[in-house]
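J.: Residue numbers (this note's numbering), protein chains in the order written: chain B, 2 to 114; chain E, 117 to 226.
Beta carbons: idealized from backbone N, C-alpha and C, even for Gly.
My questions will all concern the structure given below.
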Amino acid sequence: DTEVTQTPKHLVMGMTNKKSLKCEQHMGHRAMYWYKQKAKKPPELMFVYSYEKLSINESVPSRFSPECPNSSLLNLHLHALQPEDSALYLCASRGGEGPDTQYFGPGTRLTVL
Amino acid sequence: KQEVTQIPAALSVPEGENLVLNCSFTDSAIYNLQWFRQDPGKGLTSLLLIQSSQREQTSGRLNASLDKSSGRSTLYIAASQPGDSATYLCAVASGSTLTFGKGTMLLVSP
């Protein structure tokens, strides 16, 4: 099973709402990633978790809060977002310590009104 | 800082043609290079991964090459089909992170 799942597929929220995106993988991978992708742009790295610890944070605003409750799950908590945060949010996972393929989920399409 | 460039930005070909997508990167100290396909509004599908010690990888009608010393990779698609229409992204791995190019948008017309 090489699947990364993401829920929800679509999310519309107001600027005062609090919501969460969820990502799950059952490949035994120990590194998980959040990316943000705007239309016609490449994915931009937001966070990297390695062995359930945050290892890279690419200076993302604090209105995005990642959480890795266990090695299979990765959440992205959203609070007080801005319309410019509307994008496709992609989760990915990678196995082991060495270089390896990153497997991407289908993404969550987020619209902030 | 690693920079990845993909040429062309867009490509339109008739069905059946063989085609080549290009990717170049500035820092040759990479672990691997990965080619992805992305359909509109969808996630990324990994097509091929080439380790830094390898020269090429093949999967079906796809062949990817890597020349690490010159900082170049190509993705060759044989006998293109309308179902190949998508954006193709090249990404290089340095450590645990990927640096993406901006992609080549491919349209294969019947």
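In three-state DSSP terms, what is G84 of chain B?
T.: According to the sequence displayed, residue 84 of chain B carries Pro and not Gly. Reduced to three states, the DSSP call for P84 of chain B is helix.
J.: How do the segment 195-205 of chain E and the segment 100-109 of chain B stand: do at least 3 beta-carbon pairs fall below 8 Å, yes or no?
T.: No, the segment 195-205 of chain E is not in contact with the segment 100-109 of chain B.
J.: Just the chain E side, please: which residues come within less than 9 Å of V49 of chain B by C-beta, in chain order?
T.: The answer, in chain order, is S212, T213.
J.: Taking the C-alpha atoms as reference points, what is the distance between R188 of chain E and Q154 of chain E?
T.: R188 of chain E and Q154 of chain E: Cα-Cα distance of roughly 21 Å.
J.: Give, in chain order, every residue of the segment 99-112 of chain B whose Cβ lies closer than 9 Å to some Cβ of chain E.
T.: So the list reads G99, P100, D101, T102, Q103, Y104, F105, G106, P107, G108, R110, given in the order they occur along the chain.
J.: Taking 8 Å as the threshold (beta carbon to beta carbon), is A32 of chain B in contact with chain E?
T.: So, interface residue.
J.: Roughly how many angstroms separate the alpha carbons of L111 of chain B and Y52 of chain B, rounded to a whole number?
T.: Each residue's alpha carbon lies about 27 Å from the other.
J.: Run down chain B in chain order and give the residues with a C-beta less than 8 Å from the C-beta of K150 of chain E.
T.: Strictly speaking, residue 150 of chain E in this sequence is Gln, with Lys absent from that position. Within chain B, the residues near Q150 of chain E are T102, Q103.
J.: Would Q26 of chain B pass as a contact of S66 of chain B if the rule is Cβ separation under 8 Å?
T.: No.
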